[in-house]
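Number of protein chains: 4
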Amino acid sequence: MTLSTATSSVRHAAFDLLENRVSRLPGSRLINRFIIALIVANGVAVVLESNPQLYVAYEDFLVAFDLFSVVIFTLEYLARLWAVSEHPRYHGMSAIRARVRYALTPLALVDLLAVAPYYLALFIQIDLRYLRLFRLLRLLKLSHYFDGLQVFATVLRREAGAIAGALMIMTVLVVISACLMFTLENAVLPGHFDSIAQAIWWAVVTLTTVGYGDVVPLTFGGKLLGIVIMLCGVGTMALPAGILAARFSEELHQRREVLLARIREALADGTLDPEEEASLEQLQQELAIPAGDLARMIRSQQAWQARHRYCPHCGSSLPP
Amino acid sequence: MTLSTATSSVRHAAFDLLENRVSRLPGSRLINRFIIALIVANGVAVVLESNPQLYVAYEDFLVAFDLFSVVIFTLEYLARLWAVSEHPRYHGMSAIRARVRYALTPLALVDLLAVAPYYLALFIQIDLRYLRLFRLLRLLKLSHYFDGLQVFATVLRREAGAIAGALMIMTVLVVISACLMFTLENAVLPGHFDSIAQAIWWAVVTLTTVGYGDVVPLTFGGKLLGIVIMLCGVGTMALPAGILAARFSEELHQRREVLLARIREALADGTLDPEEEASLEQLQQELAIPAGDLARMIRSQQAWQARHRYCPHCGSSLPP
Amino acid sequence: MTLSTATSSVRHAAFDLLENRVSRLPGSRLINRFIIALIVANGVAVVLESNPQLYVAYEDFLVAFDLFSVVIFTLEYLARLWAVSEHPRYHGMSAIRARVRYALTPLALVDLLAVAPYYLALFIQIDLRYLRLFRLLRLLKLSHYFDGLQVFATVLRREAGAIAGALMIMTVLVVISACLMFTLENAVLPGHFDSIAQAIWWAVVTLTTVGYGDVVPLTFGGKLLGIVIMLCGVGTMALPAGILAARFSEELHQRREVLLARIREALADGTLDPEEEASLEQLQQELAIPAGDLARMIRSQQAWQARHRYCPHCGSSLPP
Amino acid sequence: MTLSTATSSVRHAAFDLLENRVSRLPGSRLINRFIIALIVANGVAVVLESNPQLYVAYEDFLVAFDLFSVVIFTLEYLARLWAVSEHPRYHGMSAIRARVRYALTPLALVDLLAVAPYYLALFIQIDLRYLRLFRLLRLLKLSHYFDGLQVFATVLRREAGAIAGALMIMTVLVVISACLMFTLENAVLPGHFDSIAQAIWWAVVTLTTVGYGDVVPLTFGGKLLGIVIMLCGVGTMALPAGILAARFSEELHQRREVLLARIREALADGTLDPEEEASLEQLQQELAIPAGDLARMIRSQQAWQARHRYCPHCGSSLPP
C-alpha cells in the first residue's frame, strides 16, 4: 500500500466519521455528540461571562476553555475541509476544487466564522464585548446536526420572493400606521408620540401583538385609529407566518410522497432486496426524512400489499 | 364453576367497566363520570387550599376529602392493574408480564404518581407546599378519558425530531437576540439590561409576543434592533406551532381516509353485515375518530352508491 | 279564491320576503337591509347610552327608539313564525308542528331573546344595567344574514369533542403553570403572587400571549420557570386555533368539491339546461358557497371541456 | 415610415420598458429599479421630515427632492397611460377607451393619488401635516413590482364575504365582551372602566393579544370574566387569519397545478418546442409564479418522463 492510498483511506475514514450519515460508524456518533456538547458549552460560557463577578472568579478557566474550544473547532474545520473531497457530491472534481467549493457553502462559512475572530484578535485589538458576540456565532454550528434545517432552508429559498413581498407589505403597513397615529396623537397632545420614529416603535410593537404598553395612544381619535389598526393589521401580519407554515408542511408532505412512490416501485416485485433498501435509505437521507419514518412507511406498504392485489404504479387496488 | 373461572369472569367484568370502550356497560359510564368528577374536585381543592383562610376554616373536610380521593384512586389503580391482563393488546402474555408492561405505560405511571406521594409522606417529612404540587398531577389522570390526546401524542412522537429542531432554533434565536440587545443597551445606558439573563427574559417575553413591558429597550439603537427582532423573529417563533397544527390536521385527515377506505370495502357488496359493522367500529376506536363521524361517513357513502355505479376500489364512478 | 287560499298565498309571499334566498324578490332585499340597519343601530344605541351625559340629553329619543325596535323585531319574529310553515324543510308537517320546531332552532331563540326582556321588564323590575346587556343580544340576530356562520357552526359541532379536549388541556396547563409559579414566587417573595387565583390570572394572561404586565415574576427561579412556560406553553395554546382553521378550510374545500362534482355531472352532456342550473343553485345555497363562485366554477369547467375530451365522471381527460 | 407608425413603435417600446414582463429589455430593469429606489426614498424622506430639526436643516433639499419625485412620477404616470393601449388585455379597443379603462384600475389610481395632492396644494391651502400623509401613499406604488400581491388581491376579493363575516363576528365579540366587562367592573369599582368606549379599547387590546396593560380588570369577577374571554375569544380572533392563510396557500397550490397540467400537455410528445415554451412562460406570468419555479417544474417532469412511461393526461405511470 503506497502512501497516497494510505492517505486516501484515512481521508475516507475521516469523511465517514464527520460527514457520512449512511454508514454510521460508532466513533462518528461519539465525535458528533462531543462537538454538540462543546458548542452548547460555548453558548453557556458566553452567557455566564457577561456576569462580571463570575468572569473575575473563573477568568482562568474560561480563557482556557475558550482556547480549548478554538483548537477543537479549528481541527474540526480543517478535517472537514480535507476529507470533503470524498463527498459523492464533489465526485469527479479535483480535491482542491472540491475543497474550495465546500469552503464557500454556508455551513463551512459558519465553521470558519466560529474560529476566525479568535485568530483575528491576536493581531488586531477587538473590544471584548464584540468578541463575545462573535463567539455566539458558534451556536450556528449546530445546524450541521439538524436535517430539518435543510428542508426549512429549501422552503425559505423557494419562497424568497413571497417573503420579500410580505416584509415589504409589513413595512408599508407599519410606516402608514405610524404616520397616521403620529399625525392624530401629536396634533391633540403635543409632546405625546413626539416623533415618527417613536410611532414606528409603537406600530411594530402593536402589529406584532407584543404590546409592551410603554407607548399607548391616549386621545379618543388615537384609540379609535388604534382599534382599526389592531383589528385589520394584526391578521395581516400573521398571514406570512401562516402561509410559510402551510408551505413548509406541504414540502414535508411532498417529500414523503416522493419516498412513498419509490417504496411502491421497490415493492412492486413483492420483495425488498438489499440494493433497493440502500437506495431507499439514500433517498430518505437526501430528503431529510427521519429513518424511523422510512421503516414505518415500508411496513405499512407491505401490510397493504398483503391484503390487496394492487396496481404497482398508482397504488390503487384492483378487483380480484 | 371453579374459583379460577369465577375470578377470571369478575376480572373480565372489571376490565369492561374500566377500560373497554367497545362494550360500553351502563355501569362503565357511571364509574368513569364519578372518577372524572373526583379528579376535577381534587384540582379545585388544591386551588382553594392555597388560600390560608379557607384552609383553616375547612381543614378537617379537606383532609378527609384528600384521604377519600387517595383511597378511591388507589383502588382504581389496583383494579386497572389487576384487570389489564384481559386487554387484547397483552393477549398471550402471562398475567404478571402483562401487568408489568402496563405499569410502565405513561398512563399507568400517571395513576401511580397521583397517589404515591401521599403514601411517601407517611414515612418521610415532605413540605406541604410541594405535596400540593404533586396532588396537582392527579389532573393528568384526565388523559384516560380523551381519545384525541392519543392522536396528539402520536403526532408529537412522530415529529419529535422536528420539535427538537424548532426548540433548538428558538433557543439560538433567543440567545443571539438577547446578547445583541445586552451589548447595545448596556453600552449606552449602564445599569439598563444589566445582565444577559435579563436580556434573555426580555427576548423570550418579546419573541413569544407576550410583551409584559417590564423590560423595554430605551436607546434608539436598542429600539431599532428590537424592531428587526420583532419583525423577523415573531414569525419564526410562530412557525413550529403552525407546522404542528398542519401535521395534526393531516394526521386526522389520514385517519379518516383509512376508515373511509375500509367503509368502501365493506360496502362494496352493497350491504353492511353485522361483522363488517363491528370491525368498522373497532377501527373507528383504534383511530380515535368520534362514533358520530363513522355513522355520517357510512350514510354519505351509501347515498353516493345509491346515485352512482362506482368502482369499489378507488371510489370513482363509472360510465353507465 | 277562498280565504284560506288567499291566506296561504300571502303567507307564501311573506316567506319569500323574509326567508327564501333562491327567489330573491326586490322587496326581500330592502326588508333585510332595513332590519340589518336596525340591529346595528341598536348596538350603537346601547354603547352610547352607557354615557350618562348622552343618556340624559337624548333619553326621550332613546326610549322611543327602543320601543320602535321592539315593535319591529316582534313583528318580524311573528311574521317568520307564521310564514315558516312554507319552508321546504318542514314540508308535510302540520303548520303548528312546523312552527314549534322552528321556534326551538337557535336562530328563532335568538329572535325571541331579542325582544322578550323588554316585555318581561313591564311586569318585573329589572336593573337597567342588565336590561342593556340583554339588548346587546339583538346583535346576534345578524346571524340570519351571514351564510358563512352556518359552515362555521357545522365545523364547531363536528369538532366539539376536539375543542372540549383542547379546553381541558388548556385548563390543566394553566392550573399546573399557576401552581408551580405560585409555589416558587410566593416562597421567595412573600406577598408576591399572594394566591393561586392571582397566579391563574398570570398564567392565562401569559399563555394567551396577552401579557398585560400587571403581574410578572420577579425572582430568578420564577423568571426561569416563566421562560419554560412561555416557550412550551404558548405554542400549545396556539394549536387548537390552528387545527380549527385547518378543519374549517378543509370543510370549505370539500363543499366546493361536492359542488364541482355536481357541475361535472350537469355538464357531462355538454349543455346546462335550466333545470340543472336551478338544482346547482339550490346546492350552492345549501352549501353556503357564494353565488359568484358557482358561476366561476361553471365557466372554468366549460372552458376546460372546450379544450379537452374528458371522462365525464372523474374529470381526467382522455387520449384523442 | 409614417409618423403614426413611428409613434406606434415608440409607444410599443415604452410599453415594453414599463409594463411588459415577458420581453424584459435591459432598460426596463434599470427604469424599474430607479423608480423603486425613488419610492423608498420618498418614504424615508417623509419619516425624516417629521423631525423638525432635520426639516429646518435640510428644507431646501427636501423641497427639491419632493419636486423631483413629483416630476418623475407624473412622467411615469403619463407614459404608462399613453403606452397602455399596447397591452394585450385591451386588444381591439380604441386607444382612448383602453386608457380610460386603465386609469380606473386600482394600480393607476394609486399612481394618480401619488402625485395629485401636490398639484392640488398649488391651488388649495392644505395643512402640511396632511400633505405628508398623502405623500406616504406613494409607497403603495410598490405594488406594481410584486407579483405576489396580485395573488393576494385575488384571494381577498374571492373571500370578501368570509372576511366581512369574520369582521362582523369580531365586532360583535368585542362589543359583547366590552359591555359585560363594563357592567361588572364599573358596578364594583365606580370610576374604573368608566365608559363602554374604554371597555371596547380594553376588549380589542385583549382579544388581539396585544395586551398593553394600560386598562386591566381589578375585581375578582372582572378577572374571572377576563379569563373566560381570553381563553375563548383569543382563538376565535385568530381563526380568520388562519383560514385566510390556508386559502392563500391553496390558491398558490392550485396555480401550480394549472401550470403543471399545461407542462404535462406540452411534454406529452416528448419535446418542448419554442412555441410551447413561450406559451408556458406567458401562463407562468399570468399566474404570478416565479420564473425559477417553471424551470424547476419542467426539469422534474422531464426527469420523471425519462424514468417512466406514463399517461400523458393524468401523469400516472403505466405498466411496461
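Chains as they are written, first to last, in our numbering: chain A, 5 to 324; chain S, 5 to 324; chain B, 5 to 324; chain F, 5 to 324. Heads up, the beta-carbon is just placed ideally off N, CA and C, and yes, glycines get one too.
Requested in this report: Could you tell me which chain S residues have their CB closer than 7 Å to the CB of A/A249, listed as they occur along the chain?
Outcome: Under the 7 Å cutoff, chain S gives L243, G246, I247, A250.
Query raised in the report: Roughly how many angstroms separate the alpha carbons of F/A249 and B/Y59, rounded to a whole number?
Result: The straight-line gap from Cα to Cα measures roughly 44 Å.
Query - Closest residue to F/V44 among F/L113, F/L140, F/L132 (Cα-Cα distance) - result: F/V44 has its Cα closest to that of F/L140, out of F/L113, F/L140, F/L132.
Requested in this report: With DSSP as the reference, label F/H16 as helix, strand or coil.
Outcome: Correct three-state label for F/H16: helix.
Report task. Below 8 Å on the Cβ atoms is my guess for S/T217 versus A/G237; work out the distance and round it to an integer in Å. Result -> Residue 217 of chain S is actually Gly in this sequence, not Thr. Actually they do not touch by this definition, with Cβ atoms about 19 Å apart.
Requested in this report: Identify which residue in B/Y122, B/T9, B/I233, B/F127 has its Cα closest to the Cα of B/V74.
Outcome: Selected option, being the one with the closest Cα: B/Y122.
**Report entry** Sequence-distant residues of the same chain with beta carbon closer than 7 Å to A/A49, five excluded per side
**Finding:** Here the set comprises L66, F69.
Requested in this report: Given a cut-off of 7 Å, decide if B/A118 and B/F77 are closer than it, judged by their beta-carbon atoms.
Outcome: Closer than 7 Å, so yes.
Query raised in the report: Between the stretch 233 to 247 of chain S and the stretch 145 to 159 of chain S, do at least 3 Cβ pairs fall closer than 8 Å?
Result: The stretch 233 to 247 of chain S makes no contact with the stretch 145 to 159 of chain S: fewer than 3 CB pairs, one atom from each, lie closer than 8 Å.
Query raised in the report: Are the stretch 194 to 212 of chain S and the stretch 152 to 171 of chain A touching by the rule of at least three beta carbon pairs closer than 8 Å?
Result: Touching, no, given that fewer than three Cβ pairs across the two stretches are closer than 8 Å.
Requested in this report: Could you name each continuous alpha helix (DSSP H) segment of 4 residues or more that falls completely within the stretch 121 to 162 of chain F, going from the start of the chain to the end?
Outcome: Counting whole runs of 4 or more residues, the stretch 121 to 162 of chain F contains the alpha helix (DSSP H) stretches 132 to 140, 151 to 162.
Query raised in the report: Quick one: what does DSSP say F/M185 is sitting in, helix, strand or coil?
Result: Looking at F/M185 - three-state DSSP - the assignment turns out to be helix.
Requested in this report: Round the Cβ separation of B/L284 and B/A270 to the nearest angstrom and send it over; I've been treating them as touching at under 8 Å.
Outcome: Confirmed, Cβ separation roughly 6 Å.
Query - Beta carbon proximity, A/S199 to chain F, threshold 7 Å - result: Closer than 7 Å: yes.
**Report entry** First and last residue of the uninterrupted alpha helix (DSSP H) at F/P194
**Finding:** Run containing F/P194: none; DSSP gives neither H nor E here.
Query raised in the report: With C-beta atoms as the reference, is B/E163 less than 7 Å away from B/R251?
Result: The beta carbons of B/E163 and B/R251 sit closer together than 7 Å.
Query raised in the report: S/L2 by DSSP, collapsed to three states: which one?
Result: Outside the modelled stretch of chain S, which goes from 5 to 324, sits residue 2 of chain S, for which no answer is possible.
**Report entry** Proximal residues to S/G215 (C-beta, below 8 Å), its chain only, five neighbours per side dropped
**Finding:** Excluding its 5 nearest sequence neighbours in each direction, S/G215 has C-beta neighbours in its own chain below 8 Å: V209, listed in chain order.
Report task. Would you grab the beta carbon distance between F/A272 and A/G246 for me? Rounded to a whole angstrom, and I think it's under 8 Å. Result -> 37 Å between Cβ atoms; not a contact.
**Report entry** chain F within 7 Å of A/I267, Cβ atoms only
**Finding:** No, A/I267 lies away from the interface with chain F (no Cβ there is under 7 Å from its Cβ).
Query - Own chain residues within Cβ distance below 6 Å of A/P221, not counting five before or after - result: Closer than 6 Å at Cβ, skipping near neighbours: E189, K227, G230.
Requested in this report: Report all residues from its chain with a CB closer than 7 Å to the CB of B/R37; omit the five preceding and five following residues, and keep chain order.
Outcome: So no residue of the chain qualifies.
Report task. Go through the stretch 192 to 267 of chain F residue by residue and report every complete run of the alpha helix (DSSP H) that reaches 4 residues or more, in order. Result -> Contiguous alpha helix (DSSP H) elements confined to the stretch 192 to 267 of chain F occur at 200 to 211, taking only those with 4 or more residues.
Query raised in the report: Nearest-angstrom Cα distance between A/R136 and B/L193?
Result: Computed Cα separation, rounded: 34 Å.
Query raised in the report: With 7 Å set as the bound, which would you pick, yes or no: does the beta-carbon of B/G225 sit closer than that to a beta-carbon of chain F?
Result: So, not an interface residue.
Query raised in the report: Quick one: Cα of F/L177 to Cα of A/L22, how far?
Result: Between the alpha carbons of F/L177 and A/L22 lies a gap of roughly 57 Å.
Query - Proximal chain A residues relative to F/G239, where beta-carbon distance stays under 8 Å - result: Ordered by position in chain A, no residue passes the 8 Å Cβ test against F/G239, which lies about 13 Å from the chain.
Requested in this report: For S/N36, return the contacting residues in chain B, with the cut-off set at a CB-CB distance below 7 Å.
Outcome: By Cβ distance, chain B contributes nothing, its closest Cβ being about 14 Å from S/N36, past 7 Å.
Query raised in the report: Whose C-alpha, out of S/F150, S/L113, S/A310, is nearest the C-alpha of S/Q289?
Result: That would be S/F150, whose Cα lies nearest to the Cα of S/Q289.
Query raised in the report: So, is the C-beta of A/T275 closer than 7 Å to a C-beta in chain S?
Result: Interface annotation, A/T275: not in contact with chain S, CB-CB separation never under 7 Å.
Query raised in the report: What's the gap between the Cα of S/H196 and the Cα of F/P56?
Result: Spanning the two alpha carbons is a distance of roughly 29 Å.
Report task. Could you tell me whether the Cβ atoms of A/E261 and A/V159 are closer together than 7 Å? Result -> In this structure, A/V159 does not lie closer than 7 Å to A/E261 by Cβ.
Query raised in the report: What is the DSSP secondary structure of B/L293, counted as helix, strand or coil?
Result: Residue 293 of chain B is actually Ile in this sequence, not Leu. Note: B/I293 maps to coil in three-state DSSP.
Query raised in the report: Are the C-beta of B/I167 and some C-beta of chain S separated by less than 7 Å?
Result: No, because no Cβ of chain S sits closer than 7 Å to the Cβ of B/I167.
Query raised in the report: List, in order along the chain, the chain D residues whose C-beta lies closer than 8 Å to that of B/I180?
Result: As a matter of chain content, chain D is missing from the structure shown, whose protein chains are A, S, B and F.
Query raised in the report: Can you name the start and end residues of the alpha helix (DSSP H) that A/L327 belongs to?
Result: Residue 327 of chain A is absent from the structure shown; chain A starts at 5 and stops at 324.
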